[in-house]
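Q: One structure, pasted below without further comment.
Residue numbers (the numbering used here): 2 to 161.
So this is what it looks like as structure tokens:
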């Protein structure tokens with residue numbers, strides 16, 4: 002069934018299926034109002050299943066019957082808005098080229114540091130589990146194991 006669709010159609014259908022993200026954000030913001038309708042979440046779930054199942058072809062139906070005619074009707078206005086946004090973005094990029102380059106350099110340095118830390122930790126962890134070295138064991142046995150309490154007792158005896 003999917004082979005009959007062009008790649009562009011699949012992207013549009015997938016994007017329409019992802020409309021659920023926007024619906025979820027709206028629900029999060031308006032959850033108190035939606036809680037007054039007890040079947041809302043069941044209806045939403047059924048709608049999302051209908052949109053995404055290939056057997057129901059709901060996203061194609063919604064796109065062909067509603068979204069595509071809307072986009073065709075308003076194509077000139079949408080092209081104008083996209084052209085305006087593209088021009089504004091180009092102006093912004095040209096005005097802030099130095100800041101963008103600085104941000105790029107900073108991100109590159111941070112990423113290099115993170116990769117260095119990750120790589121050094123991987124090298125340390127990749128070896129076998131080892132106990133303390135013989136020098137460390139020798140040093141720990143030669144230390145005088147006096148406790149804090151013993152030091153306090155000896156100090157009090159010297160004061161008397």
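Heads up, the beta-carbon is just placed ideally off N, CA and C, and yes, glycines get one too.
Could you say if the region 18–27 and the region 48–68 meet the contact criterion of at least three C-beta pairs nearer than 8 Å?
A: Segments in contact, yes.
Q: Quick check on DSSP: helix, strand or coil for residue 19?
A: Translated into positions along the chain shown, residue 19 becomes position 18. Three-state DSSP puts residue 19 in coil, outside helix and strand.
Q: For residue 93, which residues of its own chain have a beta-carbon under 7 Å away from its beta-carbon, when the five flanking residues on both sides are left out?
A: Residue mapping note: residue 93 aligns to position 92 of the chain shown, counting from 1. Here the set comprises nothing.
Q: In three-state terms, what does DSSP make of residue 36?
A: Your numbering for residue 36 matches position 35 in the chain shown. The answer is coil: DSSP assigns residue 36 none of H, G, I, E or B.
Q: Straight-line CA distance for residue 38 to residue 32?
A: As a first step, residue 38 is located in the chain shown; it is residue number 37 there, counting from the start. As a first step, residue 32 is located in the chain shown; it is residue number 31 there, counting from the start. Going by the C-alpha atoms only, they are around 10 Å apart.
Q: Alpha carbon to alpha carbon, what distance is there between residue 96 and residue 113?
A: Within the chain shown, numbered from 1, the residue matching residue 113 stands at position 112. Within the chain shown, numbered from 1, the residue matching residue 96 stands at position 95. For residue 113 and residue 96, the distance between alpha carbons rounds to 28 Å.
Q: Return the first residue and the last residue of the alpha helix (DSSP H) that residue 43 is part of.
A: Stepping through the chain shown from its first residue, residue 43 is reached at position 42. Note, residue 43: alpha helix (DSSP H), 41–53.
Q: In angstroms with no decimal places, state the Cα-to-Cα distance between residue 77 and residue 88.
A: One-based indexing of the chain shown puts residue 77 at position 76. One-based indexing of the chain shown puts residue 88 at position 87. Looking at the two C-alpha atoms, the distance is approximately 17 Å.
Q: Suppose you measure from the CA of residue 118 to the CA of residue 100; what does that come to, to the nearest Å?
A: Here residue 118 refers to the residue found at position 117 when the chain shown is read from its first residue. Here residue 100 refers to the residue found at position 99 when the chain shown is read from its first residue. If I take the Cα positions, the gap works out to 27 Å.
Q: Taking the C-alpha atoms as reference points, what is the distance between residue 67 and residue 90?
A: Indexing the chain shown from 1 puts residue 67 at position 66. Indexing the chain shown from 1 puts residue 90 at position 89. Their Cα atoms are separated by approximately 30 Å.
Q: Quick check: the Cα distance between residue 56 and residue 40, rounded to an integer number of angstroms?
A: As a working note, residue 56 is residue 55 in the chain shown. As a working note, residue 40 is residue 39 in the chain shown. Residue 56 and residue 40: Cα-Cα distance of roughly 24 Å.
Q: According to DSSP, is residue 31 helix, strand or coil?
A: Position 30 of the chain shown, counted from the start, is the residue given in the question as residue 31. Coil at residue 31, not helix or strand.
Q: Can you tell me which of the three DSSP states residue 2 falls into?
A: Position 1 of the chain shown, counted from the start, is the residue given in the question as residue 2. Note that residue 2 scores a pLDDT of 46, beneath 50, so its modelled location is shaky; the value from the coordinates is reported in the next line. Of the three classes helix, strand and coil, the one that applies to residue 2 here is coil, per DSSP.
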